[in-house]
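Mapping the sequence shown onto UniProt numbering, position 304 (from 1) lands on 304, and the numbers just tick up by one.
Heads up, the beta-carbon is just placed ideally off N, CA and C, and yes, glycines get one too.
To start, the structure under review is shown below, and the notes come after it.
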Amino acid sequence: MSDTDRPTTTVLLLGGGDTGPELALAFERLGVAVVRVADCADAQAMTALLDEHQPDYVIAVSAEVSPAALIAAAERDSVEVFPTPRATRLGADREGLRKLAGDELGLPTVPFWFASSSEELAAVADHAGFPLVVTPLFGAVSDGQSVLTRADDVDAAWRRAAAALPTPQNRVMAETVVEVDEEITLLTVRTTEPSGPAVQFCEPIGFRRKDGDLLSTWQPERLSLAALDAARSIAARIVHSLGGRGVFAVELLVRGDEVYFATVDAQLGDVGLITLRSQRLSHYELHARAILGLSMDTIMISPSAAEVGPRRDVSAGELKEALDVPESDVRVVGSTVAAIATAPDVVRARDRAHRASTVVHGLGS
């Protein structure tokens, strides 16, 4: 291909998972050439990919992408990398992220401590009291998280967390359990304008996970004006600290007008699937436009709800039954299937999504 035939913009998407195909489609609809690579293990492999494809942007679409590879890409003046290597590193390090939020930025968080042994965890529990949530610092939360309700739980919680860690660096985070009204995700879009960095917010998304597999989510989650202002302030401060452009999923705990920072993910996740129906632009489209520096909006067009679970074979009869639910939709995204529904209000949207989900996720009697 000659230089005159080469597309003006090329994006290199790194990593497997469910996000890649949908995000690639969002870029391609904007006339961008997309190269997808499932794995890039180190800086040497990244150098070869950059030389071969000469991308304008390198975008990690899964947490498994090597930070060393992203750093190597970021060292080239002609390439922009998203998320930033800093955001990628902190996204995989719960201790670093919590210290950034609580200690450096002064964001409100639930009380937290760190422990490097069962004995240290027992000392934390003796100081903080019960209940406590214990989470491994790396790896999947669902694999290693426990709730301590008494001293006898400490050893088992330590072993569970240590077994879930991908490396032998045994270290955990312990948090006080705070009674909250809701857990929400605030999708926050960071852009760079001529006047400087700017953020836009989607309507708050409420969510609950059931048995670690099925996700129930809805938009909007109604907050008081004070809580909404606090949520937006917290989200803006954490994403500005991480830097870069794109969609950040900021998880927050809400109790009345009080809002606590929980975590932030610079990777697109399953909570955002609801935006396929709830918003004019989905989180995939927002991510692509933000990275490319294009105009966008975060307008919600309808209250919506979704239930997202592992993909299974859905028969033609089941699909028909699910889609017979008013304003329902079924979306297969990689290894997941989402039953999504809209309605004039969230209550009816959640009911419709649940009825469709019962069919497509095989939950009926």
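Cβ-based neighbour list, residue i, same chain, cut-off 6 angstroms, excluding 5 preceding and 5 following
i, result
"M300", "E203, S278 and Q279"
"A68", "D42 and A43"
"E251", "T185, A262 and T263"
"N170", "A162"
"T188", "V199, F201, A235, V239, F248 and V250"
"G364", "T358"
Three-state secondary structure assigned by DSSP to residue i
i, result
"R232", "helix"
"Q145", "coil"
"L14", "strand"
"A174", "strand"
"T8", "coil"
"P197", "strand"
"R150", "coil"
"P326", "coil"
"G317", "helix"
"M1", "Its pLDDT being 46, under 50, M1 is placed unreliably by the model, and the measurement read from it follows with that caveat. Coil."
"R331", "strand"
"V65", "coil"
"residue 434", "Examination of residue 434 is not possible in this model, given that the chain is present from 1 through 365 alone."
N- and C-terminal bounds of the alpha helix (DSSP H) containing residue i
i, result
"D56", "Counting along the chain, D56 falls outside any alpha helix (DSSP H), and DSSP gives it neither H nor E."
"F114", "That residue, F114, is in no alpha helix (DSSP H); its beta strand (DSSP E) goes F112 to A115."
"P344", "Premise fails: P344 is in no alpha helix (DSSP H) and is neither H nor E."
"F130", "No alpha helix (DSSP H) contains F130, which DSSP labels as neither H nor E."
"V154", "V154 to A164"
Element boundaries [beta strand (DSSP E), containing residue i]
i, result
"A305", "S304 to P310"
"D181", "Unbroken run through D181: none, as it is neither H nor E."
"F27", "Counting along the chain, F27 falls outside any beta strand (DSSP E), though it belongs to the alpha helix (DSSP H) covering T19 to E28."
"G206", "I205 to K210"
"L215", "L214 to Q219"
"V35", "A33 to V37"
Neighbourhood of residue i by C-beta distance below 8 angstroms, restricted to the same chain and skipping five residues each side
i, result
"L23", "L13, I59, V61, L268, Y284, H287 and A288"
"T10", "V32, A33, V34, V35, H53, Q54, P55, D56 and Y57"
"S2", "For S2, the predicted model reports a pLDDT of 48, less than 50, meaning its position is unreliable and no value from the coordinates is stated."
"L228", "P204"
"H240", "R190, P197 and V199"
"S224", "G256 and D257"
"G293", "T191, T192 and R245"
"residue 368", "A question about residue 368 goes unanswered here, because the residues of the chain that appear run from 1 up to 365."
Contact set for residue i: own chain, Cβ-Cβ below 7 angstroms, skip 5 residues either direction
i, result
"R209", "L215"
"R237", "L105 and L107"
"P136", "G144, A161, A164, L165 and V172"
"R98", "T109, F112 and M173"
"A306", "T217, L273, I274, A338, A339, I340 and A353"
"A343", "P303, E327, A349 and R352"
"residue 366", "The first residue shown for the chain is 1 and the last is 365, placing residue 366 beyond what the model contains."
"P85", "P67, L70, I71 and A74"
Cβ-heavy atom distance, residue i to the ligand GTP, below 6 angstroms
i, result
"D153", "In terms of ligand content, the structure shown is empty, and the ligand GTP therefore cannot be addressed."
Contact the region 112–121 vs the region 140–159: 3+ CB pairs below 8 angstroms: A contact exists between the region 112–121 and the region 140–159.
Complete beta strand (DSSP E) runs within the region 245–310 (minimum length 3 residues, chain order): 246–255, 258–265 and 304–310
Contained beta strand (DSSP E) runs [length at least 3] in the region 70–123, N- to C-terminal order: Assignment of beta strand (DSSP E) within the region 70–123, counting only whole runs of 3 or more residues, yields 80–82 and 112–115 in chain order.
Touching by the beta-carbon criterion (3+ pairs, under 8 angstroms), the region 310–317 and the region 351–358: no
Segment contact, 8 angstroms Cβ cut-off, at least three pairs: the region 71–91 with the region 242–249: yes
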